[in-house]
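In our numbering, the protein residues as written are 1 to 309. Heads up, the thing below is written out as structure tokens.
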């Protein structure tokens with residue numbers, strides 16, 4: 001009997017639970033570590049350590065959110081940090097399959113190159129990025145509603161960035177009749193924001209408009225989206241940073257300076273874990289399809305349950 005292809009699913013939230021369960025119900029030997037435990041009766045195995053989970057695994061699947069400091073993966077339910085280092089990846093058999101994650105750091109890229117592991121970044125898939133932006137924007141609206149005792153339309157919002165996520169958030173806020181200012185670099189994106197009904201400003205002028213805002217939403221994954229100079233400004237707004245790690249500012253420094261900074265992660269999994277899991281499974285299926293000559297075992301279109309276990 002042929003050995004089932006082994007897949008290690010590390011960290012994550014409800015999305016990874018559904019991914020692991022769907023894979024386990026097909027032809028894969030699935031091991032997890034550091035993820036959310038939602039149902040004791042699942043089709044996958046739980047490992048005692050990350051190294052045990054990846055040992056001999058042809059595929060290592062990591063969460064959609066990017067890597068944090070020291071190349072730690074997103075694992076809010078985990079008791080110990082999980083780092084993508086040489087010791088961990090070297091224990092896998094990912095040379096025969098690959099490493100799947102949101103976005104790799106330069107250190108992880110170099111490590112995969114050295115170990116001969118194919119690297120597949122989900123954030124490079126434009127369709128998945130757009131679907132995630134929809135889930136994130138819907139979840140953020142819920143966070144915003146819970147953060148204030150006033151109607152959202154009574155606030156002035158400043159959105160930093162106008163990529164897939166910034167666009168989706170701006171559309172929802174405008175649909176709710178909120179006043180929105182979008183700070184973005186390119187003239188094209190400023191005109192797109194104006195076309196939707198937002199007030200665009202050049203990105204270089206973001207601090208000035210943030211001083212007039214009630215709520216600031218950052219989507220730019222750059223550590224100076226809200227620079228240290230903001231600490232000496234007249235900004236009184238609540239700042240929600242939803243950018244991928246390391247985020248768009250020095251959170252602790254700005255909080256220490258008295259700014260109301262909130263780094264909100266995992267919004268896609270909070271709002272629609274099943275939808276997002278299915279999208280990530282489709283991404284994985286496409287990887288397997290492209291590698292059929294190397295990996296004859298294929299994923300037979302697993303689907304996630306329609307309700308959370």
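Ideal Cβ positions, reconstructed from N, Cα and C, are used throughout, including at glycine.
About 5 Å separates the Cβ atoms of residue 173 and residue 180, confirming a contact at the 8 Å cut-off.
Sequence-distant Cβ neighbours of residue 5 in its own chain, meaning closer than 8 Å and more than five residues away, are 27, 28, 29, 58, 59, 97, 295, 297.
When the Cα atoms are used, residue 120 and residue 167 turn out to be separated by approximately 25 Å. By the Cβ rule, the segment 85-101 does not count as touching the segment 17-27, because fewer than three pairs are nearer than 8 Å. Going by DSSP, residue 199 is part of no alpha helix (DSSP H) but of the beta strand (DSSP E) stretching over 199-202. Taking the C-beta atoms as reference points, residue 200 is found nearer than 8 Å to residue 193.
Per DSSP, the continuous beta strand (DSSP E) segment holding residue 121 begins and ends at 119-121. Using a Cβ distance threshold of 8 Å, residue 228 and residue 253 count as a contacting pair. The segment 101-157 is shown to contain whole beta strand (DSSP E) runs of 3 or more residues at 119-121, in chain order.
In this structure, 14 is the residue among 14, 80, 54, 53 with its C-alpha nearest to the C-alpha of residue 63.
For residue 38 and residue 44, the gap between their C-alpha atoms comes out near 12 Å. Restricted to the segment 173-227, the alpha helix (DSSP H) segments that are unbroken, complete and at least 4 residues in length are 187-196, 206-210, listed in chain order.
Membership of residue 162 in any beta strand (DSSP E) is not indicated, and neither H nor E is assigned to it by DSSP. Note on the segment 35-80: whole beta strand (DSSP E) runs with a minimum of 3 residues are 59-61, in chain order. Residues of the same chain with a CB within less than 6 Å of the CB of residue 156, apart from the 5 flanking positions on each side, are 179, 213, 214 in chain order.
Taking a C-beta distance under 8 Å as the contact criterion, residue 195 and residue 19 do not qualify as a contact pair. CA-CA distance, residue 198 to residue 237, rounds to 18 Å. Within the same chain, and ignoring the five residues on either side of residue 209 in sequence, the residues whose Cβ sits closer than 8 Å to its Cβ are 158, 181, 183, 201.
Between the alpha carbons of residue 261 and residue 140 lies a gap of roughly 15 Å.
For residue 239, the enclosing beta strand (DSSP E) begins and ends at 238-241. For the pair residue 284 and residue 117, the Cα-to-Cα distance works out to about 16 Å. Its Cα nearest to that of residue 109, the residue 86 stands out among 247, 266, 86, 165.
Contact check for residue 71 against residue 107 passes: the beta carbons are separated by less than 8 Å. Setting aside the 5 residues that flank it on each side, residue 66 is surrounded in the same chain by 102, 103, 244, 245, each with a C-beta closer than 6 Å to its C-beta; the list follows chain order. Relative to residue 250, the option among 33, 226, 267 whose CA is nearest is 226. By the Cβ-count criterion, residue 274 is buried, with 16 or more other Cβ atoms from all chains shown falling within 10 Å of its own Cβ. In the DSSP assignment, the residues bridged to residue 10 are 33.
Selection 160, 145, 161, 162 evaluated against residue 154 yields 145 as nearest (Cα-Cα).
Check the Cα spacing between residue 169 and each of 235, 206, 100, 240: the tightest is with 240.
The beta carbon of residue 138 sits closer than 8 Å to the beta carbons of 172, 271, 272 from its chain, once the five residues preceding and following it are set aside; these are given in chain order. The beta strand (DSSP E) runs of length 3 or more contained entirely in the segment 249-293 are, from start to end of the chain, 260-263.
Nearest in C-alpha terms to residue 11, of all of 221, 264, 49, is 49. A residue is called buried when at least 16 other Cβ atoms come within 10 angstroms of its Cβ; residue 191 does not meet this threshold and is exposed.
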